[in-house]
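The sequence shown: position 627 = 627 (UniProt numbering), numbered continuously. Ideal Cβ placement from N, Cα and C applies to all residues, glycine included.
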Amino acid sequence: MTTVEPEKQLKAINDASVTLESKAVVDRKFPDLYKTFTVDPKSPCGFLPHINRAYFVIKNRLCLLDYINRDIAHLEEEHDIVGVGVVAPKPGVFVSSVKQLLVIATTTVIKILGIADGPDGLKFVNSTMATLAGGVYMHQIVGTSQGRIFMLGSDDNVWELNYKEKESWFSGKCSKKLQTSGSSLLHILFGKPSDRIVQLAVNESGTILYQLTQQSSIYVVYLGTDGFTYKTACKKHDCIADAKISQPSSNYFTPETRIVSIHTTTKTESLFYHLVAITSNGSRIYYSNQKSAQQMNYDAEPTALITMHVRAPANSVEPKDTVGHSLYRNGLTLFVKNPDASPTQSQIVAYSPSLANLGNLILANAFAQLIEDSMTLDVHGKVLSVVEAPNGYDDINEFKYAYHTPARHFLVLTTSGVTVLAKQRPVDMLHNLLQKTGLDTRHRLREIEPFFNQFGYLNGCSLCLNLICSANVVPATDSVYSNSIVTKIVSDAALVALRKFGQVTSPLADVNRRSYSSLHDGLALFIYRSVQDIWDRHLAKETATSTDVVCLDNIATQQLKSVLNIMTSVKKAIDQHPELFSFTFESPETTSYQNLLILIDHISDVILKKLSIDYAAYINSKVLSEQASAK
């Protein structure tokens, strides 16, 4: 292949493949919060992403910004609001239409509102569940997936908010329970130094509660699954000193270094580490909550807090710098560098696993190591909060997602509005490159070749097929998270790139040590990635009820339709471009290619039959229902 100058290669990649892209700024109807947070910098604010709202508090008024429909609503309380949270409800306590709960803590009372979808949008339902605050301001409110609610109080204690459907002789429908003895009380009674709890974090299955203290200690509490267990499993007081042992020559761990935030990991990310701590200068400490490295149960009761890995920030962050509003989820780290440097401008630093390195792990001689991409991004206003939008597609391996699958998005609340950041996947990067070269792609292949060199020709061909199969597909919903349509110009450019770079011999070899073209292996890889999430799953599963055994879908209909659409698009692309996909002479590659076509047909036939059966069952049940109503 042609040789490209390294400087031009880096520029071509960097121009199209920034880790984060500022996608939208929501500032319509947004008040100027600069004055509000200058007067009261600790006023509650943040995101309620499960209901698509940003919030901020002005004394006794809760302001809810709908950043999807760009509208704002207000809820007023009798007294000043000190804490807000949205949590999942306990099963069986509320009607089925209530999917989330809004917990509002004021200076005098803590109340629960049900959140339901109404014809005109969200509806807040008065649950009549409330309890007195007792002079304690509940600043942080977190919930578990099982419906338990924990609150961090101004008395340095962790409280649990209990609620039930009906009151009894001895207790009301809502009450609070003290779960800890605060450090302030110990300081008063015994003169012990105060080390207040500053953050709570719950793992995704709701079985473990982590607590971070002001002096960088971490407490691990086991919650179990029974709805009432609260057992302190371990306490780690030497977090910074322990991290220093892992990197003795590092300047990032000094007596002044503190942990500023803790973040639980997901089961899909790792079974070996369960918590990530971010320090005041941007270092990350990865912890396991198990003494035994052989313990692979994500929900197992914690036995210790063991330092697994320590990672210093990139050179753009110096030991003297400070970080704030940090976030970690599924391998991606975000934080604001020197958050107090400017009242009108903020700089966000992002680290994410290098997908070029990840994509090339398919090679037999590939060495698995954590290599990260980093970038900085300026946003207008002072950052108040950062969260990830819960769109459900946050796997670290972003190669497997179809182009129109929503990318990861991050929401940044500033004093100027809400900024929406999109995580760029390899398919988005290739789309950006081909959009720039457009109709001239045939003559500008040297500008695209660095992409194939970086991610590998095999991955590059697979991504070209991804774009070709997504051409002119209109997203199911038009929202701030949707991708732009793949135009004919872009899909034609992908075909040009496929013709050129698909000729390169693939680095893979079969059992007989034969290598095929990158076009062939790219097609096989694209098919595999499209079906991998359903390949090992049964279409239906048996579930026992009180009276019978019923068959239920094991794979969502929409997921089956998505795979079917991809298989149909692949077959259509092959039929429309026989000169590209034809292997005219008899060879092992031709035989393998024909087998791939047979596989595509089989997958399509099975899904079509399943969808036809579902549709017939739906029509039959509808007819029976109408007949029963007629009687």
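### Message
Helix, strand or coil for N126? Go by DSSP, reduced to three states.
### Response
For the purposes of this step, residue 126 is taken as residue 126 along the sequence shown, with counting starting at 1. In the structure shown, N126 sits in a strand (DSSP, three-state: E or B).
### Query
With C-beta atoms as the reference, is A524 less than 8 Å away from L596?
The count along the sequence shown starts at 1 and reaches residue 524 at position 524. The count along the sequence shown starts at 1 and reaches residue 596 at position 596. In contact: A524 and L596 (Cβ atoms closer than 8 Å).
### Task
Give me the Cβ distance between L470 and H404, rounded to the nearest whole Å; I'm assuming they're in contact under 8 Å.
Along the sequence shown, read from residue 1 onward, the residue named residue 470 stands at position 470. Along the sequence shown, read from residue 1 onward, the residue named residue 404 stands at position 404. With the sequence shown as reference, residue 470 is identified as Ser, and Leu is not the correct amino acid for it. Their Cβ separation, rounded to whole angstroms, is 6 Å, which keeps S470 and H404 in contact under 8 Å.
### Message
I believe I468 touches S491 by the beta-carbon criterion, under 8 Å. Please report the beta-carbon distance rounded to the nearest angstrom.
### Response
Taking the first residue of the sequence shown as 1, we reach residue 468 at position 468. Taking the first residue of the sequence shown as 1, we reach residue 491 at position 491. Right, their Cβ atoms sit about 5 Å apart.
### Task
Only counting runs of 4 or more residues, tell me where the alpha helix (DSSP H) segments fall wholly within the segment 499-556, in order along the chain.
518-531
### Query
Nearest CA to the CA of S270: which residue from I527, Y34, N297 and F335?
Within the sequence shown, numbered from 1, the residue matching residue 270 stands at position 270. Nearest of I527, Y34, N297 and F335 to S270, Cα basis: N297.
### Message
Measuring alpha carbon to alpha carbon, tell me which residue in N472, K291 and K164 is nearest K488.
### Response
By one-based count along the sequence shown, residue 488 stands at place 488. Residue N472 is the option with its Cα nearest to K488.
### Query
What alpha helix (DSSP H) runs, 4 residues minimum, are completely inside the segment 220-281?
239-246
### Task
Please report the Cβ distance between I110 and Q100, rounded to the nearest whole angstrom; I am assuming they are in contact, meaning their Cβ atoms lie under 8 Å.
As a position in the sequence shown, residue 110 is number 110, starting the count at 1. As a position in the sequence shown, residue 100 is number 100, starting the count at 1. Going by Cβ atoms, the distance from I110 to Q100 rounds to 17 Å, so no, they are not a contact pair.
### Query
If you draw a straight line from the C-alpha of L508 to the C-alpha of S515, how long is it?
Along the sequence shown, read from residue 1 onward, the residue named residue 508 stands at position 508. Along the sequence shown, read from residue 1 onward, the residue named residue 515 stands at position 515. Using only the alpha carbons, I get a separation of about 6 Å.
### Task
Give the secondary structure of K23 by DSSP, where H, G and I count as helix, E and B as strand, and everything else as coil.
Your numbering for residue 23 matches position 23 in the sequence shown. K23 falls in the strand class under three-state DSSP.
### Query
With DSSP run on the structure shown, which of helix, strand or coil describes K571?
As a position in the sequence shown, residue 571 is number 571, starting the count at 1. It is helical.
### Query
Among residues of its own chain, excluding the 5 on either side of A356, which ones have a beta-carbon nearer than 6 Å to its beta-carbon?
Taking the first residue of the sequence shown as position 1, residue 356 is located at position 356. Closer than 6 Å at the Cβ level, and outside the excluded window around A356, lie Q454 and F455.
### Query
Measuring CA to CA, which of A304, L599 and R284 is closest to S292?
Here the question's residue 292 lines up with position 292 in the sequence shown. When each option's Cα is compared against that of S292, the closest is A304.
### Query
With which residues is Q353 paired in a DSSP beta bridge?
Taking the sequence shown and counting its residues from 1, one reaches residue 353 at position 353. Reading the sequence as shown, one finds Pro at residue 353 and not Gln. P353 is bridged to E372.
### Query
With a Cβ-Cβ cutoff of 8 Å, do S316 and V349 count as a contact?
As a position in the sequence shown, residue 316 is number 316, starting the count at 1. As a position in the sequence shown, residue 349 is number 349, starting the count at 1. Against a cut-off of 8 Å, the Cβ pair of V349 and S316 comes out as a contact.
### Message
Can you give me the C-alpha to C-alpha distance between L252 and D373, rounded to a whole angstrom?
### Response
To locate residue 252, count along the sequence shown from 1; it is residue 252. To locate residue 373, count along the sequence shown from 1; it is residue 373. Note on residue identity: the sequence assigns Tyr, not Leu, to residue 252. Y252 and D373: Cα-Cα distance of roughly 20 Å.
### Query
Mapping DSSP to helix, strand and coil, what is R444?
As a working note, residue 444 is residue 444 in the sequence shown. It is coil, neither helix nor strand.
### R537 beta carbon less than 8 Å from that of I555
The count along the sequence shown starts at 1 and reaches residue 555 at position 555. The count along the sequence shown starts at 1 and reaches residue 537 at position 537. Yes, they are a contact pair.
### Query
Taking the beta strand (DSSP E) that T36 falls in, what are its first and last residues?
Along the sequence shown, one-based indexing puts residue 36 at 36. Looking at the DSSP string, T36 is not in any beta strand (DSSP E); the run it does join, the alpha helix (DSSP H), is Y34 to V39.
### Query
From this set, E77, D395, Y222 and G381, which residue's C-alpha is nearest R529's C-alpha?
Sequence index remark: in the sequence shown, residue 529 carries index 529 (1-based). The candidate whose alpha carbon is nearest that of R529 is D395.
### Task
Return the Cβ separation of L48 and V103 in integer angstroms, given the expectation that the two are a contact with Cβ distance under 8 Å.
The count along the sequence shown starts at 1 and reaches residue 48 at position 48. The count along the sequence shown starts at 1 and reaches residue 103 at position 103. At roughly 11 Å, the Cβ-Cβ gap does not stay under 8 Å, so L48 and V103 are not in contact.
### Task
Give the single residue among L465, T419, T557 and R446 whose Cα lies nearest to the Cα of D428.
As a position in the sequence shown, residue 428 is number 428, starting the count at 1. The option with the nearest alpha carbon to D428 is L465.
### Task
Can you say whether W159 is buried or exposed, counting buried as having 16 or more other CB atoms within 10 angstroms of its CB?
One-based indexing of the sequence shown puts residue 159 at position 159. Burial call: buried.
### Task
Since I believe G381 is in contact with S352 (beta carbons under 8 Å), could you give me their beta-carbon distance rounded to a whole number of angstroms?
Start at 1 with the first residue of the sequence shown, and residue 352 comes out as number 352. Start at 1 with the first residue of the sequence shown, and residue 381 comes out as number 381. Actually they do not touch by this definition, with Cβ atoms about 24 Å apart.
### CA nearest to the CA of K561, picked from R311, K164 and D614
Here residue 561 is taken as the residue at index 561 of the sequence shown, counted from 1. Closest by alpha carbon: D614.
### Task
Give every residue of the same chain whose Cβ lies closer than 8 Å to the Cβ of Y393, excluding the five residues on either side of it in the sequence, and list them in chain order.
Taking the first residue of the sequence shown as position 1, residue 393 is located at position 393. The residues are Y401, T405, P406, A407 and R408.
### Where L178 falls: helix, strand or coil (DSSP)
Translated into the one-based positions of the sequence shown, residue 178 becomes position 178. It is a strand residue.
### For M429, the residue or residues it bridges with in DSSP
As a working note, residue 429 is residue 429 in the sequence shown. For M429, which the question treats as bridged, DSSP gives no partner whatsoever.
### Where the beta strand (DSSP E) through Y137 begins and ends
By 1-based counting over the sequence shown, the position of residue 137 is 137. No beta strand (DSSP E) holds Y137; DSSP gives it neither H nor E.
### Query
L223 to I262, Cα distance in whole Å?
Counting from one through the sequence shown, the residue named residue 223 turns up at place 223. Counting from one through the sequence shown, the residue named residue 262 turns up at place 262. In a straight line, the C-alpha of L223 is about 18 Å away from that of I262.
### Query
Comparing alpha-carbon positions, which option in L580, G46 and H139 lies nearest D66?
In the sequence shown, residue 66 corresponds to position 66, counting from 1. Of the candidates L580, G46 and H139, the one whose C-alpha sits nearest the C-alpha of D66 is G46.
### Query
So who's on the other strand from D71, going by DSSP bridges?
Here residue 71 refers to the residue found at position 71 of the sequence shown. In DSSP, D71 forms a bridge with D66.
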